[in-house]
Amino acid sequence: MSKSIPLGLIDRYRDRLPVADDTPAVTLGEGNTPLIPLQRLGHPCQVYVKFEGLNPTGSFKDRGMTMAVTRAAELGAKAVICASTGNTSAAAAAYAARAGMQAFVLIPEGKIARGKLAQAVMHGAKILQIRGNFDDGMSLVKAVAEQLPVTLVNSVNPYRLQGQKTAAFEIVEALGQAPDVHCLPVGNAGNITAHWIGYSEAAGQATAATSFRDERSKHAPAAMTDRRPVMVGYQATGSAPFMRGAPVAQPDTVATAIRIGNPQSWDAAHVVQRESAGWFDELTDEEILATQARLAREEGVFCEPASAASLAGALRDIESGRIAAGSTVVCTLTGHGLKDPDIAAEHVAGASQTIDATLGAVEQALGASLDA
Ligand code: F0G
31 MSKSIPLGLI DRYRDRLPVA DDTPAVTLGE GNTPLIPLQR LGHPCQVYVK FEGLNPTGSF
91 KDRGMTMAVT RAAELGAKAV ICASTGNTSA AAAAYAARAG MQAFVLIPEG KIARGKLAQA
151 VMHGAKILQI RGNFDDGMSL VKAVAEQLPV TLVNSVNPYR LQGQKTAAFE IVEALGQAPD
211 VHCLPVGNAG NITAHWIGYS EAAGQATAAT SFRDERSKHA PAAMTDRRPV MVGYQATGSA
271 PFMRGAPVAQ PDTVATAIRI GNPQSWDAAH VVQRESAGWF DELTDEEILA TQARLAREEG
331 VFCEPASAAS LAGALRDIES GRIAAGSTVV CTLTGHGLKD PDIAAEHVAG ASQTIDATLG
391 AVEQALGASL DA
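The sequence shown begins at 31 in the numbering used here and counts up by one.
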């Protein structure tokens, strides 16, 4: 037996999560991601990015998956199942492997980023590519989980949001209080809901965004802040049901992670919007990709396309004044840029040149750049 050292967010926040004192955590050391202040982008506000791409499988899903798989293991589950645009399947596959369970993942054929598929493959998930989109997959896994002995680990599993709420705790701890505004990319709207639950608990305030409690839920843990932020959710124009006011039948966007037309947390997201006095907005694929590139070049942070929607929206709303000058703004960067190498590959031709392997050729190439 290895020595028991604290690892991951269940150990860190056991007093704020629905786990028993002795529940063994299925963990890969998720959470505790950096809150990075931007130095060049976002004036006249102070913008921070919460880089969730630095979780063990490269996305925020690990926060939810450690809780969902820990609970599944506690109840003796042998298998988990999810539908996914990629990141959930990567996290489910990894945490199931960790717990010695089988993962089944349904993904839209040809529409998930290559890195995410690689993860599901390497962690030994049974991968079913469906001739349909994420929303079709979601209906299927819900039906299957009712009939077969497999635990559903999409964010309709309440333990997922319980794990994901811890990101709000970390932000409050880092800043000493809640930010003025928190911006996230929105697909199913599970994560924006989870953050609102976390901020509400951190502030000791009630929210109607969830009714979840189980026998291990903690009663009134100490408040960490006296306020909650305005919550802003950004979608891709081709997949923006919250802007259309209704599900979108054929969602489409280059940001495949948020290519979702029928959000599972539809009602909760509207509660979050109302209670926080926040809003939803949409960005074109061009705006999303331009911000992804700017963040990588000007700040040194490489996130996946969907993640850049939060910053793209925030920068636009700061510029227009919708987010007031001087505000403290946190943007969640939900996943790492390495998840989706094909996006960067499209830039490679312009970014590289082929030369002879001689000192002269290298000096000539550098000289041209240094003179410029
Ligand atoms: N950003 C990334 C990188 C995601 O993978 C997702 C969701 C979101 C944002 C949206 O979060 O759904 O809670 O509003 N990805 C899911 C998946 C659907 O299957 O990996 P949400």
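Virtual Cβ for every residue (Gly too), placed ideally from N, Cα, C.
Note that the structure is predicted; figures quoted are calculated from it, not measured.
Determine the direct distance from the alpha carbon of residue j to that of residue i, and round the result to whole angstroms.
| i | j | result |
| --- | --- | --- |
| PHE272 | TRP296 | 8 Å |
| GLY291 | ARG274 | 10 Å |
| ASP347 | ALA129 | 43 Å |
| ARG258 | ILE66 | 20 Å |
| ASN184 | VAL135 | 10 Å |
| GLY268 | ALA307 | 25 Å |
| PHE437 | LEU396 | With the chain covering only 31 through 402, there is no way to say anything about residue 437. |
| GLU334 | ASP282 | 16 Å |
| ASN187 | GLN69 | 38 Å |
| GLY351 | GLU316 | 22 Å |
| GLY59 | ALA98 | 15 Å |
| PHE242 | ILE227 | 10 Å |
| VAL77 | GLU329 | 12 Å |
| ALA21 | ASN221 | Residue 21 lies beyond the stretch modelled for the chain, which goes from 31 to 402, so this question has no answer here. |
| TYR229 | MET254 | 9 Å |
| GLY356 | GLU349 | 12 Å |
| ALA150 | ASP256 | 41 Å |
| ALA208 | ALA232 | 9 Å |
Could you tell me whether the Cβ atoms of residue i and residue j are closer together than 7 Å?
| i | j | result |
| --- | --- | --- |
| ALA336 | THR321 | no |
| THR364 | GLU82 | yes |
| VAL110 | ALA124 | no |
| ALA113 | PHE164 | yes |
| LYS146 | ALA120 | yes |
| THR57 | THR118 | no |
| THR181 | VAL302 | no |
| LEU214 | SER399 | no |
| ASP401 | ALA143 | no |
| TYR43 | ARG101 | no |
| ALA285 | ALA266 | yes |
| HIS153 | ALA175 | no |
Cα-Cα, which of the options is closest to residue i?
| i | options | result |
| --- | --- | --- |
| HIS212 | VAL79, PRO281 and PRO251 | VAL79 |
| THR115 | ILE288, THR240 and GLY351 | ILE288 |
| ALA219 | ALA239, ALA208 and GLN207 | ALA239 |
| MET261 | ASP41, VAL180, VAL331 and ASP210 | ASP210 |
| THR237 | HIS300, SER399, PRO277 and LEU368 | HIS300 |
| ASN85 | GLY61, LEU389, ALA208 and HIS377 | GLY61 |
Report back the beta-carbon spacing between residue i and residue j to the nearest angstrom; my notes put them in contact at under 8 Å.
| i | j | result |
| --- | --- | --- |
| CYS361 | ALA344 | 5 Å |
| GLU312 | TYR264 | 7 Å |
| GLY217 | PRO293 | 7 Å |
Problem set entry | the segment 189-198 / the segment 79-97 touching (three or more Cβ pairs under 8 Å) | yes
Problem set entry | Stretch-stretch touch, CB-based, cutoff 8 Å, three pairs: the segment 38-52 with the segment 241-250 | yes
Exercise. Between the segment 197-207 and the segment 157-171, are three or more C-beta pairs nearer than 8 Å?
Worked result: no
Exercise. Touching or not, the segment 153-164 and the segment 372-387, by the rule of three or more beta carbon pairs under 8 Å?
Worked result: no
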